[in-house]
Each structure stands twice: as C-alpha cells, then as structure tokens.
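Data block below; observations after.
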Amino acid sequence: MLYLIVFTIIYLAITIYLSYLGYKKTTTVSDYLLAGRQVHPVTMSLSYGSTYISTSAIIGFGGVSALYGFSMSWLAFLNILVGVWIAFVVFGKRTRKMGKALDAHTFPELLGRRYNSRFIQGFSGFVILFFMPVYTAAILIGISRFIEVYLRVPFATALLVFLLINACYVIWGGLKGVLYTSAFQGIIMIVVMIIIGITTYFYAGGLIEGHRELTSMTSYIPQELLSAGHNGFTSFPLAGSPIWWFVITTMILGVGIGVLGQPQLNVRFMTLKSDRELNRSIPFTAIYILFTTGIAFTVGVLTNVIFYKNIGMLSIEAVFGNVDKIIPMYIDRFYPQWFVAIFLVTLMSAAMSANSAQFLAMGASLSRDIFEQALLKGKSLAETTIVTRIGIVFSIFATLILGLLMPEGIVAVATAFFFGLCGATFIPAYLFGLYWKRGSKTAAKASILCGFFSSLIWMLFFHENESRAIGICRFFFGSDTLAGHPFNMIDPQVIALPLSFIVFIVVSYLTRPVSQEVLRKAFRHI
Amino acid sequence: MLGFPDIWVFLGYILTPVSTLFCLIYGFFNWRKGVEEKDGDYREEIRWEREEIELIEKLP
Chain A
1 MLYLIVFTII YLAITIYLSY LGYKKTTTVS DYLLAGRQVH PVTMSLSYGS
51 TYISTSAIIG FGGVSALYGF SMSWLAFLNI LVGVWIAFVV FGKRTRKMGK
101 ALDAHTFPEL LGRRYNSRFI QGFSGFVILF FMPVYTAAIL IGISRFIEVY
151 LRVPFATALL VFLLINACYV IWGGLKGVLY TSAFQGIIMI VVMIIIGITT
201 YFYAGGLIEG HRELTSMTSY IPQELLSAGH NGFTSFPLAG SPIWWFVITT
251 MILGVGIGVL GQPQLNVRFM TLKSDRELNR SIPFTAIYIL FTTGIAFTVG
301 VLTNVIFYKN IGMLSIEAVF GNVDKIIPMY IDRFYPQWFV AIFLVTLMSA
351 AMSANSAQFL AMGASLSRDI FEQALLKGKS LAETTIVTRI GIVFSIFATL
401 ILGLLMPEGI VAVATAFFFG LCGATFIPAY LFGLYWKRGS KTAAKASILC
451 GFFSSLIWML FFHENESRAI GICRFFFGSD TLAGHPFNMI DPQVIALPLS
501 FIVFIVVSYL TRPVSQEVLR KAFRHI
Chain B
1 MLGFPDIWVF LGYILTPVST LFCLIYGFFN WRKGVEEKDG DYREEIRWER
51 EEIELIEKLP
C-alpha cells in the first residue's frame with residue numbers, strides 16, 4: 001500500500017506539472033485544440049500510441065485473449081499494419097496536408113470542409129459526442145476494476161475518483177497538456193509491459209514450452225466454450241462457429257479496421273509540421289504498439305498456464321467469468337507489491353491519456369462541429385473554448401453514467417462497438433475525401449448516414465450480443481434477433497462498412513461532384 | 001512452429017513483429033523525406049495566422 005501511495009503521488013505530481021506546462025503554453029484556440037500543429041515525432045508517436053492503446057487494450061483485450069487464445073495475435077498484427085502503417089501513410093499524410101489547406105481543427109471539420117457540408121460536420125460531431133462515451137466508459141471501467149481489485153474499494157468509488165482526477169487536467173490543459181502527459185505515460189507503459197512480457201514467459205516455462213503447455217490445456221476448457229467452437233488456446237476457433245465469428249468479425253476486424261475512423265486519433269496527424277515528422281513517427285509508434293498490445297495479448301493467454309499451475313483453474317474460472325479482472329488478478333497474485341504499484345500507475349496513465357484525448361474530441365465536437373456549424377450555420381462563436389469545456393463536462397457525465405450502468409466483462413466489447421461504429425460511419429467518406437475528387441457531397445452524406453444507421457439497425461435487430469442486451473428486438477418481434485446463425489454473430493461493421501462504401505461510389509456517380517473551388521483548396525498541397 | 005500447432009496462429013504471432021520491422025524499415029528509408037513544402041504554403045501560413053489572430057481577439 002505504501003508503494004502504491006508513493007508511486008501514485010509521484011505520478012500525479014509529474015502529470016499535474018506537465019499539464020500545468022501545457023496550460024501555460026495554451027494561449028490561442030488553435031493551441032488549445034491542435035497544440036499549434038508543431039509536435040515532435042517522438043511525442044506524436046507516444047501520444048498516438050497511448051491514445052490508441054489504452055486500458056481497454058491491456059485489461060479488456062488482454063482478458064479476452066486469456067479466454068480465446070492466440071488467435072487474438074491477428075489483432076495485434078492489424079493494430080500495427082492498419083493502425084500504424086496504413087493509418088499514417090495512406091491516411092495520415094493527406095490528412096495533415098488537407099487539414100492544413102482547409103484549416104481544419106477537428107476530424108468532423110475536416111470532413112465537413114472537404115465536402116463543403118455543414119451537415120456532415122454537425123452529424124459527425126453528433127456521433128462523436130453521443131457515442132464516444134461508450135468507449136470512454138469502457139476505458140474507465142478497465143482502470144476502475146483494477147483499482148477495485150488492488151485497493152479493495154467499491155467499483156463505483158474507484159470510477160468516480162479516477163474520473164474526477166482525469167477531468168481536472170483535461171479541462172485545464174487542452175491537447176497540449178494531453179500531448180505532454182501522453183508522452184510521459186507512453187514511456188512508463190513500454191518499460192512496464194516489457195518487464196511483464198519477459199517475466200510471464202519465464203513463469204510459463206519459456207517461449208516454446210509455454211505455448212506447448214497451453215496446447216496441452218485444451219481439455220480443461222469449459223464444455224460450453226468447446227461446443228461453441230473453442231479449439232484450444234493455440235489454435236483458431238472452429239471455422240464458422242459462433243466463437244470464430246465473434247473473434248474474427250468483432251474482435252479482430254471490428255477494432256483492427258475500425259481504428260481508421262477514430263476521430264481522436266486522426267486529429268493527431270494535423271499536429272505535425274511535415275510528412276517527415278510523420279515518417280519518423282511510424283517506427284516509434286509501431287514499436288510502442290508491439291510492446292503494449294502484442295505483450296498484453298500474449299500475457300493474457302499465458303495467464304492460463306500460470307493460474308492452472310498455481311491454483312488449478314483457468315483464468316476465466318479464477319475470475320468467475322469477468323474477463324476484465326483476469327489481468328488485474330494475475331498481476332496482483334504473481335508480482336511483488338512495488339511492481340503492482342507501478343503497474344497501477346501505468347494503467348492509470350493509459351486510461352488518462354486515452355480518456356483525455358476523447359474528452360477533448362467530444363468537447364471540440366460540441367463547440368466547433370455542432371454549435372458553430374450545424375446550429376449557428378457557420379457563424380463563428382466567440383466563446384469557443386468555453387463551449388468546448390461545456391462539451392467536455394457533458395462527456396464526463398455521460399461517461400460516468402455509462403460506466404456505472406454497463407455490465408461486467410464489457411471493456412473489449414464496448415471498445416469494439418465504438419471502433420466498428422466509427423469505421424462504418426466515417427471510413428468511406430474519409431478515404432474517398434482524401435483520394436477521390438469525383439466523390440460528391442450527397443454521396444458523403446449518404447455514406448455516413450448509411451454506415452451509421454445500418455450499424456445501429458444491425459445492432460438492435462440482428463447482432464445478438466447487442467440486440468439481446470438492448471431488448472428492442474424482443475419488444476417488437478418477441479425474439480432476441482431476427483437472424484439465425486451465422487448472421488446473429490456477424491459484427492455490424494462487417495455489414496455496414498461495405499454497404500457505406502457501395503453507397504458512396506454509386507451516389508457519387510449519380511450526383512454532382514464537389515465544386516472545383518473546394519477541390520482546388522482541399523488538394524492544394526497534394 | 002514456436003510450439004503452435006495451428007499455422008494461422010503461428011502466422012499472426014510472427015506477423016506482429018514482422019509488421020513492426022516493416023515500419024522500422026519504412027521509417028529508416030523515409031527518415032529525411034517529406035520535408036519540402038509547396039510554394040503556396042507560405043502564403044497559407046500567413047492567412048492561417050491572420051485567422052488565428054482574429055480568433056484570439058474574439059476570445060473573452
């Protein structure tokens with residue numbers, strides 16, 4: 001406990017000091033929103049990485065890996081290939097140039113100005129403001145579960161206190177504060193995760209031996225998982241089985257592809273001065289993701305060997321089915337107290353950096369996207385920073401309520417929900433906006449609406465995970481889902497993303513392209 | 001295959017560090033590239049700064 005208090009105080013002191021530095025340097029609106037567009041590549045890498053890889057990745061997806069095994073390593077691979085290389089090279093470079101040419105300050109503003117549409121900006125802002133709290137809450141639940149396990153405090157207290165601390169430095173620091181603290185948090189995270197990775201393999205008997213041990217444990221897997229398609233921790237689930245659809249479409253594709261439509265990540269590209277900084281950020285970000293996600297997923301699976309050796313149970317049995325508690329319990333039982341304290345600090349840092357970027361994205365959505373563009377029809381608002389702060393306060397409350405209401409073991413699922421929703425809603429309009437001059441304003445609107453509403457409809461009436469929890473389908477049709485296997489297991493993004501791509505292309509050919517003047521401006525540096 | 005009986009799991013496990021290596025190589029070969037800006041950029045910076053000043057003046 002003493003270690004915990006000492007490390008937490010040191011950590012909080014450094015974070016508050018860095019936020020204060022950010023606050024002191026925050027003098028203008030663009031400083032507040034975009035850190036003045038001059039951010040060092042290493043800072044950019046670490047802050048992008050720590051915004052991307054949060055508590056959700058370590059606790060939520062680490063726990064899910066413990067349940068479904070090494071097939072989750074495909075998500076780690078996609079996190080690097082899609083989430084870093086494709087995001088930076090294919091999307092990032094043009095986002096930076098176009099963002100500058102259009103003087104965009106937020107992701108919806110980029111889309112709105114590219115297509116010369118206030119509706120697109122306002123609606124995108126609406127999606128962010130009202131749906132991002134699900135993801136923010138998932139991250140918050142992750143860290144609060146950890147605090148609940150280690151400090152033996154009620155879950156609700158942990159959630160409330162942590163949210164308060166986080167709120168303070170976001171409201172006072174802006175993105176600049178967030179960027180500085182994210183870089184600091186990123187460094188702690190890498191070091192701690194490397195130590196956990198090495199020691200876990202050591203406890204499990206080594207690299208190859210650990211994997212073999214896992215293979216030999218297939219018979220211990222609960223019968224209901226085996227009959228749903230679980231094939232052991234070192235094999236892919238049975239093709240076409242419910243678990244296979246869940247792992248592939250929701251966990252691997254939902255998050256692996258959906259990352260490209262994440263507003264709080266895309267806005268980071270605009271903070272760089274030139275493509276050179278972007279190129280230089282790529283290796284650092286990739287290393288960061290490898291050492292965090294890659295290690296978290298691997299450690300998650302290997303906890304089965306260690307739990308079984310020590311207490312004769314698989315990880316999922318040791319936590320009574322709550323996957324979000326697997327990683328916290330593993331660290332609590334098998335690491336010295338001083339290390340547990342450092343791990344708590346690391347997780348707090350991960351949660352804080354991710355949540356901060358999200359609160360800021362939500363605040364900016366309210367002020368610039370919804371208020372200035374959609375409601376005031378483009379009239380500039382004098383109190384932008386104040387409205388941004390109101391947006392942040394709203395998002396903090398929404399996060400708090402969702403955090404208290406959402407069920408156990410929800411972290412990875414809620415993350416996948418938000419990533420999938422953003423992916424289906426934004427990716428086609430975003431990608432074509434950067435590359436295809438023929439894409440029309442109507443097509444962008446249609447594609448965004450199609451992606452959003454088809455995702456929602458699929459969730460409410462077809463995808464059993466959500467439709468059963470929400471209950472609207474049962475209310476109207478007397479059944480949890482309108483579709484049989486496998487459709488009830490296919491993630492909404494897998495249906496909605498191709499649909500919104502098709503809609504964009506078809507409608508573009510049927511309607512007038514965006515005016516030459518707008519195109520010239522948007523593609524000025526490309 | 002590093003103790004994995006399934007080729008797909010082995011591939012996912014291996015591709016993760018391989019993709020990192022690819023990013024490292026990409027970063028290494030493009031370390032100095034991408035610094036040149038087009039002619040219009042300078043004028044744009046001025047315009048951007050002007051707009052910026054207007055925004056500051058509107059602040060309370």
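Taken in sequence, the protein lines are chains A and B. The first sequence begins at 1 in the working numbering and counts up one residue at a time. The second sequence begins at 1 in the working numbering and counts up one residue at a time. Even glycine gets a Cβ: it sits at the ideal position worked out from N, Cα and C.
Inset, instruction - Under 7 Å Cβ to Cβ from Phe7(A), same chain only, skipping five residues before and after it: list those, please. - result: Ala341, Ile342 and Val345
Legend entry - Alpha-carbon to alpha-carbon, Pro154(A) and Ile196(A): 27 Å
Legend entry - Residue interval of the alpha helix (DSSP H) (run including Pro108(A)): Phe107 to Arg114
Inset, instruction - Can you tell me the Cβ-Cβ gap for Ser395(A) and Thr136(A), rounded? I've got them flagged as a contact below 8 Å. - result: 7 Å
Legend entry - Best match in Ala429(A), Ser349(A), Ser455(A) and Phe475(A) for proximity to Ile10(A) [C-alpha to C-alpha]: Ser349(A)
Legend entry - Short CB-CB distance (under 9 Å) between Phe4(B) and chain A: yes
Inset, instruction - Given a cut-off of 9 Å, decide if Thr415(A) and Ser56(A) are closer than it, judged by their beta-carbon atoms. - result: yes
Inset, instruction - Would you verify that the beta carbon of Leu290(A) is, or is not, closer than 9 Å to some beta carbon of chain B? - result: yes
Inset, instruction - Please report the residue range of the alpha helix (DSSP H) in which Leu277(A) lies. - result: Just to set this straight, residue 277(A) is Glu in the shown sequence, not Leu. Counting along the chain, the alpha helix (DSSP H) containing Glu277(A) begins and ends at Asp275 to Ile289.
Legend entry - Close-in-space but distant-in-sequence residues of the same chain around His525(A) (CB under 6 Å, 5 per side omitted): Lys97 and Ala101
Legend entry - CB of Phe534(A) within 9 Å of CB of Thr285(A), strictly: Because chain A in this structure spans residues 1 to 526, residue 534(A) falls outside the shown range and cannot be described.
Inset, instruction - Measure from the C-beta of Ile282(A) to each C-beta in chain B and report whether the shortest distance is under 9 Å. - result: yes
Inset, instruction - Could you tell me the distance, in whole angstroms, from the CA atom of Leu4(A) to the CA atom of Trp338(A)? - result: Just so you know, the alpha carbons of Leu4(A) and Trp338(A) end up roughly 7 Å apart.
Inset, instruction - Reducing DSSP to helix, strand and coil, say where Pro263(A) ends up. - result: Looking at Pro263(A) - three-state DSSP - the assignment turns out to be helix.
Inset, instruction - Kindly indicate if chain B contains any beta-carbon less than 9 Å away from that of Val247(A). - result: Interface annotation, Val247(A): not in contact with chain B, CB-CB separation never under 9 Å.
Legend entry - chain B contact for Arg94(A) (CB, 9 Å cutoff): Taking 9 Å as the CB threshold, Arg94(A) stays off the interface with chain B.
Inset, instruction - Ignore the nearest five residues each way along the sequence and tell me which others in Ile316(A)'s own chain have a CB closer than 6 Å to its CB. - result: Leu67
Inset, instruction - Using a Cβ cut-off of 9 Å (strictly closer), state whether Arg212(A) contacts chain B. - result: yes
Inset, instruction - Compare the C-alpha of Ala443(A) against each of Thr51(A), Val84(A), Met459(A) and Ser117(A) and name the closest. - result: Ser117(A)
Inset, instruction - Going by CA-CA distance only, name the one from Gly142(A), Leu366(A) and Thr43(A) that's closest to Leu159(A). - result: For the options Gly142(A), Leu366(A) and Thr43(A), the alpha carbon positioned closest to that of Leu159(A) is the one of Gly142(A).
Inset, instruction - Compare the beta carbon distance of Gly439(A) and Phe432(A) with 9 Å and say whether it is the shorter of the two. - result: The answer is yes: Cβ separation under 9 Å.
Inset, instruction - Report the residue from Gln262(A), Thr292(A), Asn310(A) and Phe126(A) whose alpha carbon sits nearest the alpha carbon of Ile58(A). - result: Thr292(A)
Legend entry - Through-space distance from Pro498(A) to Ala527(A), alpha-carbon basis: Only positions 1 to 526 of chain A appear in this structure, which leaves residue 527(A) out of reach.
Legend entry - Contacts that Gly294(A) makes with chain B (C-beta to C-beta distance below 7 Å): Thr16
Legend entry - Among Ala446(A), Ala364(A), Leu207(A) and Pro407(A), the one whose alpha carbon lies nearest that of Asn465(A): Pro407(A)
Legend entry - Ser117(A) (DSSP reduced to helix, strand or coil): coil
Inset, instruction - Give the residues of chain B in contact with Val84(A), contact being defined as C-beta atoms less than 9 Å apart. - result: Ser19, Thr20 and Cys23
Legend entry - Within chain B, the residues that Asp369(A) reaches when beta carbons sit closer than 7 Å: Those within 7 Å of Asp369(A) in chain B number zero; the least Cβ separation is about 16 Å.
Legend entry - Contact list for Ala158(A) against chain B, beta-carbon separation under 9 Å: Neighbours of Ala158(A) on chain B: none; closest Cβ ~32 Å, over 9 Å.
Legend entry - Spatially closest choice to Gly150(A) from Leu434(A), Pro336(A) and Thr481(A), by CA coordinates: Residue 150(A) is actually Tyr in this sequence, not Gly. The option with the nearest alpha carbon to Tyr150(A) is Pro336(A).
Inset, instruction - Kindly confirm or deny that the stretch 6–25 of chain B and the stretch 451–464 of chain A touch, where touching means at least three C-beta pairs closer than 8 Å. - result: no
Legend entry - For Pro41(A), three-class secondary structure by DSSP: In the structure shown, Pro41(A) adopts helical secondary structure according to DSSP, grouped into three states.
Legend entry - Test: Phe28(B) CB closer than 9 Å to a CB of chain A: yes
Inset, instruction - State the CB to CB distance for the pair Leu15(B) and Phe77(A), rounded to an integer number of angstroms; the pair is presumed to be in contact (CB under 8 Å). - result: 4 Å
Inset, instruction - Mark Tyr509(A) as exposed unless 16 or more other C-beta atoms lie within 10 angstroms of its C-beta, in which case mark it buried. - result: By the neighbour-count rule (16 or more Cβ atoms within 10 Å), Tyr509(A) is not buried but exposed.
Legend entry - Cα-Cα separation between Leu21(A) and Thr15(A), rounded to whole angstroms: Using only the alpha carbons, I get a separation of about 10 Å.
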